[in-house]
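These notes concern the structure reproduced below.
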Amino acid sequence: GAGVSQSPSNKVTEKGKDVELRCDPISGHTALYWYRQRLGQGLEFLIYFQGNSAPDKSGLPSDRFSAERTGESVSTLTIQRTQQEDSAVYLCASSLDSVSSGNTIYFGEGSWLTVV
Amino acid sequence: RKEVEQDPGPFNVPEGATVAFNCTYSNSASQSFFWYRQDCRKEPKLLMSVYSSGNEDGRFTAQLNRASQYISLLIRDSKLSDSATYLCVVNILSRNTNAGKSTFGDGTTLTVKP
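Chains as they are written, first to last, in the working numbering: chain S, 244 to 359; chain C, 115 to 228.
The following block contains the structure:
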């Protein structure tokens, strides 16, 4: 596809269960970001992958959160033992990430997570 | 202190008004700058890049002041459809990876009323 693809688009889960969210970046994009956005609030940076470099995990809120990326393709964000406070939309974004490209970021439509 | 700061607003203006948003950034090594727009319950989308010399796209004008480390967005002749949250984005080039990392402000909310 032409854009960033995320799945599932909506997920309702019970407190304590694990969830896995998937992101397919735009083909060829070396940089991939995960953000969390609670209703009515700003984007909260979670993690950043750039090529083969070590990921920047500085935004992960707790050890219940983890993310993986295979090469320069698909990424998965895993939340273990979900809590109600994890309810939010999880946005994935990718960019070509070169100075010449201007580093424009393109977002997916998000995965809306509700923990009940 | 946050790396990118914006006045959260909300800004409530009548149709036809001119409104300006500012954004300050703390890292002087920042390389590129953007404004994104986010509609309610939608993902952010690129509105415009911000160039050193300033740039205009229709009713929208973006400016960069590197010395004072801020960027601005001016919207002229506001339309009802301009109602949204406007996000400031700063990209910092990493010496380690020779690639950039983008940092978002929390956004400024604009409501244009009839």
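Glycine included, every Cβ here is placed at the ideal spot set by N, Cα and C.
Pair within 8 Å by beta-carbon distance, C:Y139 and C:Q183: yes
field: Contact check, S:V262 vs S:L339, beta carbons under 8 Å
entry: no
- prompt: Is S:G302 close to chain C, meaning its C-beta is less than 8 Å from at least one C-beta of that chain?
  reply: no
field: Whole-angstrom C-beta distance between C:G219 and C:N205, which should lie under 8 Å
entry: About 13 Å; that fails the 8 Å criterion.
message: Could you check whether the Cβ of S:T347 sits closer than 8 Å to any Cβ belonging to chain C?
response: yes
task: Closer than 6 Å by C-beta to C:T199: which residues in its own chain qualify, once you throw out the five before and the five after it? Chain order, please.
output: Q152, G221 and T223
field: Of the residues C:R190, C:R180 and C:L201, the one placed nearest C:V133, counting alpha carbons only
entry: C:R190
field: Nearest residue (CA-CA) to C:R115, options C:G172, C:S166, C:E129 and C:N141
entry: C:N141
query: Are the Cβ atoms of S:Y349 and S:R279 separated by less than 8 Å?
result: no
field: Interface residues of the region 283-297 of chain S facing chain C [CB-CB below 8 Å]
entry: Q284, G285, L286, F288, Y291, Q293, G294 and S296
message: Considering Cα atoms alone, identify which of S:S296, S:K258 and S:T321 is closest to S:D306.
response: S:T321
- prompt: Are the beta-carbon atoms belonging to S:R265 and S:T319 less than 8 Å from one another?
  reply: yes
field: Span separating the alpha-carbon of S:V359 from that of S:E328
entry: 10 Å
Sub-8 Å separation of C:S192 and C:F135 beta-carbons: no
task: Determine which residues share a DSSP beta bridge with S:R258 and list them.
output: Per the sequence presented here, residue 258 of chain S reads as Lys, with Arg not at that position. Paired residues: none, contrary to the question.
query: Quick one, which residues of the region 135-151 of chain C are near chain S if we go by CB-CB under 9 Å, in chain order?
result: Q145, S146, F148 and Y150
- request: Run down chain S in chain order and give the residues with a C-beta less than 7 Å from the C-beta of C:G130.
  value: Result: empty, since nearest Cβ-Cβ is about 28 Å, beyond 7 Å.
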